[in-house]
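Residues -18 to 458 (the numbering used here) are what the sequence shown spells out, left to right.
Using N, Cα and C, we set each Cβ at its ideal position, and we do this for glycine too.
Step one of this worksheet: look at the structure below.
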Amino acid sequence: MENQKQLFRYESLAKELETKIKNGTYRSGDKLPSIREFHHHLNLSISTVYKAFIELEAVGLIEARPKSGYYVSPPQPVLRKPVFIRRDAEPRKVDLSSVAQSIHNAIGNPEILPLGGAIISPELFPYKHFSRIVKGISANEMKTLMAYAPGRGIFELRRQIAMRTVGIFGKIDADDVVITNGCMEALALSLQAVVRPGDTIAIETPTFFTILRLLEELGVYVLEVPTDPRYGVDPDELDKVIAKNDIKACLFMPNFQNPLGALMPDSSKKRIVEMLNRENIPIIEDDIYAELYFGKKRPGTMKKYDAKGLVMSCSSFSKTLAPGLRIGWILADEPLRERVQKLKSVISISSSNLDQYVMSKFLESGGYDRHLRSLRKALNRQVLSMASSIQKHFPHNTRLAIPEGGAFLWVGLPGGIDGLTVFEKAMENNIAVLPGIACSASDRYKSYLRINCGYPFLEPVEEGIAILGQIIKSITC
Ligand SMILES: Cc1ncc(COP(=O)(O)O)c(C=O)c1O
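Quick look at the structure:
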């Protein structure tokens, strides 16, 4: 009852119809009453009924037929989940150079349908609010902002970030925050604080393409820990890895992992931190997608269980507000915080004063939580629409899991089809996808794709998925 009260009217109607479709009251192929009929009978506005229909259409339960109305969709074959590959690995150097550059150029090209990059559409960000803040900067304020910012970041921004950590990270205040140029600099500084060329670090597999490229540049060995597509790093597998290898650090994304979308249960986070704390192994936690949850609350962190000050938690506003402002941060304890600050001071001196000011003004204004609520809803809808379109257009033996947050789908191609071939053929059609081979130092994800759901599910996206489906089917045959 309590929940019922909090729903918008369109959500209540969508829920009621969803229940009626799922319990068979409405069957596949049945025509739904028209928007006007619902409007008259239920005393709801036209736009409320329309929104409910759009919601159901987005998740594939109903479909619009031109000039006829809305119908219950035919049952979709349920795709099976990607498999958990429990293959043991040896430390190895990353060598992505042969494929990396062409993939990187392709997925960043703005002319191409952006299903490849890890990008959220700027349409989903509060750019008008940011524009008002920038217009309100006086000449005197600008004079101050043209100077270098303090090395660890401006106090007000660090304070705003620290305020958001209550109950999630353990004890963090403004002094525990170091501002960086995006999450990528946060990860690079944290890694450089604890590893040297030739060291071995444990990572998830598959993992984020740019992290692999960074590890390649740092000249370290990587050990890919078997990772469950739904629950992230398996603590038992990690236990075996640290018993057999001299691991100098671990880099994990416990919340909505890129590319899997996996969410590590809090019990695994706790077990892994306790295990690594015992062995004095530092952890670099990439928490960049945590705010993009579709459930009721933000997932927890590894940092929360860190009794020894060995977890450096990295994040940024790139997936929630403004990747172009390049504002990220590290939450760390002494002495690691001192170490990353020193590195930051010689690598980039400080982050942009102006960008930090604009971001802190936005956070101060109190609009962030409201924005996050609508962003999460939009992304959830986009992920579900994309998944239902993949079900419709890809072969039935494709593998796919629906994540509980984030913006990606990790797709297992049928019959061992090479993802790189799909990537190349998709590029000929101006569609970018990320082939799985770019997500590992080994070739074990040759037959996977990562698909970005960061853009509204409009006609070009649906058409792009249909073309991808045809490409895959043409290779299968
Ligand atoms: C897992 C992960 N970490 C880090 C980054 C980089 O973030 P930023 O743009 O803040 O440097 C990304 C961006 O796609 C990402 O997906």
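* Asked: If you draw a straight line from the C-alpha of G400 to the C-alpha of Y274, how long is it?
  -> For G400 and Y274, the distance between alpha carbons rounds to 28 Å.
* Rounded to a whole number of angstroms, what is the C-alpha to C-alpha distance between D76 and T186? -> D76 and T186 have their C-alpha atoms some 15 Å from each other.
* Asked: By DSSP, does M(-18) sit in helix, in strand, or in coil?
  -> The predicted position of M(-18) is uncertain, since its pLDDT is 37 and thus under 50; a value taken from the coordinates is nonetheless stated next. Coil.
* Buried/exposed call for F343, threshold 16 Cβ in 10 Å -> So F343 counts as buried.
* Beta-ladder partner(s) of E185, from DSSP -> DSSP links E185 through a beta bridge to V206.
* To do: With DSSP as the reference, label L353 as helix, strand or coil.
  => Here L353 sits in helix by DSSP.
* Neighbouring residues (CB closer than 6 Å to any heavy atom of ligand 1) -> Spelled out in chain order, the answer is A99, G163, C164, M165, F189, M234, N239, D267, I269, S297, S299, P304 and G309.
* Asked: Hey, E385 and G213: beta-carbon distance below 8 Å or not?
  -> No; because the gap between Cβ atoms is not below 8 Å, this pair is not in contact.
* Taking all protein chains shown into account, decide if M293 is buried (16 or more other Cβ within 10 angstroms of its Cβ) or exposed. => With 16 or more Cβ atoms within 10 Å of its Cβ, M293 is classed as buried.
* In angstroms with no decimal places, state the Cα-to-Cα distance between W310 and G163. => Straight-line Cα distance between these residues: approximately 7 Å.
* Asked: For P95, which of helix, strand or coil comes out of DSSP?
  -> Looking at P95 - three-state DSSP - the assignment turns out to be strand.
* To do: Please report how far the alpha carbon of L195 lies from the alpha carbon of P416, in whole angstroms.
  => Taking the straight line from one Cα to the other gives about 18 Å.
* To do: Go ahead and label M(-18) buried or exposed: buried means 16 or more other beta carbons lie within 10 angstroms of its beta carbon, across all protein chains shown.
  => Since pLDDT at M(-18) reaches only 37, below the 50 mark, its modelled position is unreliable, and the value read off the structure follows with that caveat. Counting other Cβ atoms within 10 Å of its Cβ, M(-18) stays below 16 and is therefore classed as exposed.
* To do: Tell me, to the nearest whole angstrom, how far the beta carbon of G445 is from that of I412; I am working on the premise that it is less than 8 Å.
  => Going by Cβ atoms, the distance from G445 to I412 rounds to 5 Å, so yes, they are a contact pair.
* Verify whether the separation of the beta carbon atoms of R139 and I114 is less than 8 Å. => Not closer than 8 Å, so no.
* Provide the residue span of the alpha helix (DSSP H) that contains A407, from first to last. => G400 to E409 is the span of the alpha helix (DSSP H), which, as asked, contains A407.
* Asked: Do the segment 90 to 108 and the segment 419 to 438 make contact, defined as three or more Cβ pairs closer than 8 Å?
  -> Contact between the segment 90 to 108 and the segment 419 to 438 is established, with three or more Cβ pairs separated by less than 8 Å.
* To the nearest whole angstrom, what separates the beta carbons of Q337 and I308, a pair I think is in contact under 8 Å? -> About 6 Å separates the two Cβ atoms, so the contact holds.
* Would you kindly report the start and end of the unbroken alpha helix (DSSP H) that includes M23? => According to the sequence displayed, residue 23 carries Leu and not Met. Under the DSSP assignment, L23 falls in the alpha helix (DSSP H) whose first and last residues are I16 to L23.
* Whole-angstrom distance between T282 and D268, CA atom to CA atom -> In a straight line, the C-alpha of D268 is about 8 Å away from that of T282.
* Asked: Just curious, the beta strand (DSSP E) that V292 is in, first and last residue?
  -> Element bounds for V292: V292 to S297.
* Asked: Is the CB-CB distance between I432 and I398 below 8 Å?
  -> It is not a contact, given that the beta carbons lie outside the stated cut-off.
* Ignore the nearest five residues each way along the sequence and tell me which others in G89's own chain have a CB closer than 8 Å to its CB. => Result list for G89: G98, in chain order.
* **With 16 other Cβ atoms within 10 Å as the buried cut-off, status of Q363** => Buried: at least 16 other Cβ atoms inside 10 Å.
* Asked: Quick one: what's got a C-beta closer than 7 Å to F136's C-beta in the same chain, skipping five residues either side?
  -> Within the same chain, F136 has close Cβ partners A155.
* Mind pulling the beta strand (DSSP E) runs of 3 or more residues that sit fully within the segment 315 to 346? -> Fully contained in the segment 315 to 346 is no beta strand (DSSP E) run of length 3 or more.
* Check whether the Cβ atoms of I182 and V201 lie closer than 8 Å to each other. => Taking 8 Å as the Cβ cut-off, I182 and V201 qualify as a contacting pair.
* Residues near E92 in its chain [Cβ-Cβ closer than 8 Å; skip 5 each side] -> Excluding positions up to five away in sequence, the list reads N411.
* Asked: If you drop the 5 nearest sequence neighbours on each side, which residues of the same chain put their C-beta closer than 8 Å to that of D220?
  -> Here the set comprises M256.
* Examine ligand 2 and report whether any of its heavy atoms sits within less than 7 Å of the Cβ of I88. => Ligand 2 is not part of this structure, which contains only ligand 1.
* Expressed to the nearest angstrom, what Euclidean distance is found between the alpha-carbon atoms of F65 and L335? -> Rounded to whole angstroms, F65 to L335 spans 45 Å at the Cα level.
* Segments assigned alpha helix (DSSP H), at least 4 residues, entirely inside the segment 105 to 188 -> Within the segment 105 to 188, the complete alpha helix (DSSP H) runs of at least 4 residues fall at 108 to 116, 120 to 126, 136 to 144 and 163 to 175.
* Identify every run of the beta strand (DSSP E) within the segment 223 to 258, keeping only runs that are complete inside it and at least 3 residues long; order them along the chain. => Counting only runs of 3 or more, we get 228 to 233.
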